[in-house]
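Residue numbers for the sequence shown follow the working numbering, so the first one is 9 and each next one is one higher.
Read through the structure below, which is laid out as structure tokens, and then see the notes.
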Amino acid sequence: MTVLVTGGAGYIGSHVVRLLQNRGEQVVVIDNLSNGIQERIGDAKLVEIDLAAEASVQTLKDTIKTHNVSAVIHFAARKQVGESVERPEWYYQQNVGGLANLLTAMRETDVNRLVFSSSAATYGMPDVPAVDEDILCQPINPYGETKLIGEWMVANAARAWGLRGANLRYFNVAGAGWPELADTAVANLVPIVFAAIRADQSPKVFGTDYATADGTCVRDYVHVLDLAEAHLSALSYLDRDERPHATFNVGTGTGSSVFEVLEQVRKTTGINFEADLQPRRAGDPPFLAADVSRIKTTLGWSASRGLDEIIESAWAAIS
Ligand SMILES: NC(=O)c1ccc[n+]([C@@H]2O[C@H](COP(=O)([O-])OP(=O)(O)OC[C@H]3O[C@@H](n4cnc5c(N)ncnc54)[C@H](O)[C@@H]3O)[C@@H](O)[C@H]2O)c1
Numbered sequence: 009m010t011v012l013v014t015g016g017a018g019y020i021g022s023h024v025v026r027l028l029q030n031r032g033e034q035v036v037v038i039d040n041l042s043n044g045i046q047e048r049i050g051d052a053k054l055v056e057i058d059l060a061a062e063a064s065v066q067t068l069k070d071t072i073k074t075h076n077v078s079a080v081i082h083f084a085a086r087k088q089v090g091e092s093v094e095r096p097e098w099y100y101q102q103n104v105g106g107l108a109n110l111l112t113a114m115r116e117t118d119v120n121r122l123v124f125s126s127s128a129a130t131y132g133m134p135d136v137p138a139v140d141e142d143i144l145c146q147p148i149n150p151y152g153e154t155k156l157i158g159e160w161m162v163a164n165a166a167r168a169w170g171l172r173g174a175n176l177r178y179f180n181v182a183g184a185g186w187p188e189l190a191d192t193a194v195a196n197l198v199p200i201v202f203a204a205i206r207a208d209q210s211p212k213v214f215g216t217d218y219a220t221a222d223g224t225c226v227r228d229y230v231h232v233l234d235l236a237e238a239h240l241s242a243l244s245y246l247d248r249d250e251r252p253h254a255t256f257n258v259g260t261g262t263g264s265s266v267f268e269v270l271e272q273v274r275k276t277t278g279i280n281f282e283a284d285l286q287p288r289r290a291g292d293p294p295f296l297a298a299d300v301s302r303i304k305t306t307l308g309w310s311a312s313r314g315l316d317e318i319i320e321s322a323w324a325a326i327s
């Protein structure tokens with residue numbers, strides 16, 4: 009049996025590829041290397057195609073048959089919120105179109121197990137301290153919309169042809185399981201703070217007057233290795249006959265404020281930097297943390313690594 013991993017040369021996908029390899033599974037990776045690095049996947053087979061191109065359906069079907077693929081984990085997508093606001097059509101083509109091609113190929117080759125990378129961006133601006141999966145999703149940007157549509161596509165394929173799908177809604181992913189698999193994008197808070205202090209600048213903090221304990225925004229930071237392990241739990245879940253849920257939050261259930269993250273960075277790096285305090289930014293919910301009871305009860309997964317390990321592993325990877 010082989011697991012096909014789309015976007016396997018990316019930050020999160022490569023951690024899952026490594027875990028699968030470590031437990032002796034066969035892995036084949038689909039990636040166009042637009043944001044991926046081939047060295048991250050070791051000796052796993054790489055099929056370099058754009059999933060969103062129509063021709064990918066035939067290549068996917070050939071790959072599935074050649075490698076005897078029995079399950080798919082789908083990471084390949086564009087993930088920049090700002091870019092999705094600038095180029096919404098392209099985000100729909102890439103994220104929705106890519107998944108449509110993948111589902112077409114899976115249906116035509118009778119592969120019916122899929123783990124889908126969704127996001128807390130599907131929630132938008134929920135007004136609750138810990139968001140559960142049943143709250144109404146109201147994404148506030150095209151990126152979040154493409155992820156919610158992806159979940160609907162998974163549900164529709166389940167009804168139409170028996171797809172077994174699991175949507176994992178990731179919260180704020182950071183850290184590195186292995187230094188060479190670290191996040192190379194400077195798009196999330198932890199890499200942004202590291203980039204600023206390495207350039208001898210003060211990291212910007214947007215909003216210090218929110219109704220949170222210290223006035224800064226609170227987010228749920230999950231270690232990428234914990235997240236990667238959740239995918240293996242989701243894969244096993246898809247083998248069960250009884251599957252009460254298709255969508256799961258993946259977080260720690262504990263929020264950390266921006267100031268708490270900065271304090272942990274000072275502790276880890278030994279660099280005593282100042283923060284550059286800025287006004288609030290539009291579209292930032294004050295508090296976004298996961299209610300993780302469903303994934304714990306249903307998949308038996310919970311995060312085991314804290315903010316300190318997240319920051320230490322991310323810093324070690326770039327030092
Ligand atoms: N990083 C986060 O904090 C986060 C949070 C929530 C959800 N997600 C989702 O998790 C998934 C993986 O995120 P990541 O942080 O590892 O991103 P990443 O950019 O590092 O990985 C995505 C991979 O997919 C590949 N790819 C993108 N478009 C492709 C296409 N059309 N055809 C083939 N390959 C393509 C890229 O080359 C890259 O290797 C994405 O779907 C993202 O939306 C990420």
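Idealized CB from N, CA, C, for every residue including glycine.
message: Using the Cβ count rule (16 or more neighbours within 10 Å means buried), how would you classify Thr10?
response: It is buried - the Cβ of Thr10 has at least 16 other Cβ atoms within 10 Å.
query: At which residues does the beta strand (DSSP E) containing Arg172 begin and terminate?
result: Taken as a continuous stretch (DSSP letters only), the beta strand (DSSP E) holding Arg172 covers Arg172 to Tyr178.
- request: Throw me the rounded Cβ distance for the Gly16 and Asp51 pair, which I believe falls under 8 Å.
  value: 13 Å between Cβ atoms; not a contact.
field: Pair within 8 Å by beta-carbon distance, Lys53 and Thr117
entry: Not closer than 8 Å, so no.
message: Taking 7 Å as the cut-off, is the beta-carbon of Arg313 closer than that to any non-hydrogen atom of ligand 1?
response: Incorrect: Arg313 has no Cβ contact closer than 7 Å to ligand 1.
task: Report the partner residues of Ile205 according to the DSSP bridge assignment.
output: In DSSP, Ile205 forms no bridge with anything.
- prompt: Does the separation of the CB atoms of Thr305 and Arg177 fall below 8 Å?
  reply: Using a Cβ distance threshold of 8 Å, Thr305 and Arg177 do not count as a contacting pair.
- request: Express the C-alpha separation of Gly106 and Ala61 in angstroms, rounding to a whole number.
  value: The alpha-carbon atoms of Ala61 and Gly106 are separated by roughly 7 Å.
task: May I have the straight-line CA-CA distance separating Arg31 from Glu237, to the nearest angstrom?
output: Distance between the alpha carbons of Arg31 and Glu237: 12 Å.
message: What does the alpha-carbon distance come out to for the pair Val93 and Gln102?
response: So the alpha carbons of these two residues sit roughly 14 Å apart.
- request: Report whether the distance from the Cβ of Val181 to the nearest heavy atom of ligand 1 is below 7 Å.
  value: Yes, the beta carbon of Val181 sits closer than 7 Å to at least one heavy atom of ligand 1.
field: For Arg121 and Leu246, believed in contact at Cβ under 8 Å, the rounded distance
entry: The pair is a contact, with the Cβ atoms about 4 Å apart (cut-off 8 Å).
field: Between the CA atoms of Lys212 and Glu33 - distance to the nearest angstrom
entry: Rounded to the nearest angstrom, the two C-alpha atoms are 43 Å apart.
- request: Run the CB neighbour count on Gln286, radius 10 Å, all protein chains shown included, and call it buried at 16 or more, exposed below.
  value: The residue in question, Gln286, is exposed, as its Cβ has fewer than 16 Cβ neighbours within 10 Å.
- prompt: So what does DSSP say about Thr255, is it helix, strand or coil?
  reply: Strand at Thr255.
message: Please report the distance separating the alpha-carbon of Val89 from that of Gly152.
response: Roughly 8 Å between the two C-alpha positions.
field: Segment contact flag, the segment 260–275 with the segment 220–235, C-beta cutoff 8 Å, min 3 pairs
entry: The answer is yes - the segment 220–235 touches the segment 260–275, with three or more Cβ pairs under 8 Å.
Those runs of the alpha helix (DSSP H) which lie wholly inside the segment 76–130 and span at least 4 residues: Counting only runs of 4 or more, we get 89–94, 96–99 and 106–116.
query: Under 8 Å, do Gly215 and Asp292 count as touching if we go by C-beta distance?
result: Their beta carbons are under 8 Å apart, which means Gly215 touches Asp292 by this criterion.
- prompt: Nearest-angstrom Cα distance between Ser78 and Ala113?
  reply: Their backbone Cα atoms lie some 12 Å apart in a straight line.
query: Under the criterion of a Cβ to heavy atom distance below 7 Å, does Leu243 qualify as lining ligand 1?
result: It does not: the Cβ of Leu243 is nowhere closer than 7 Å to a heavy atom of ligand 1.
Buried versus exposed, by CB contacts within 10 Å (16 or more), Asp191: By the 16-neighbour rule on beta-carbons within 10 angstroms, Asp191 is buried.
field: Range of the contiguous beta strand (DSSP E) that encloses Leu10
entry: Reading off the sequence, residue 10 comes out as Thr, not Leu. Thr10 to Thr14 is the extent of the beta strand (DSSP E) around Thr10.
message: Nearer than 7 Å: is that true of the beta carbon of Tyr19 relative to any heavy atom of ligand 1?
response: Checking the Cβ of Tyr19 against ligand 1 gives yes.
task: Can you grab the Cα-Cα spacing for the pair Arg274 / Asn109, in whole Å?
output: Looking at the backbone, the Cα of Arg274 and that of Asn109 are separated by about 45 Å.
Phe295, DSSP secondary structure in three states: Strand, per DSSP.
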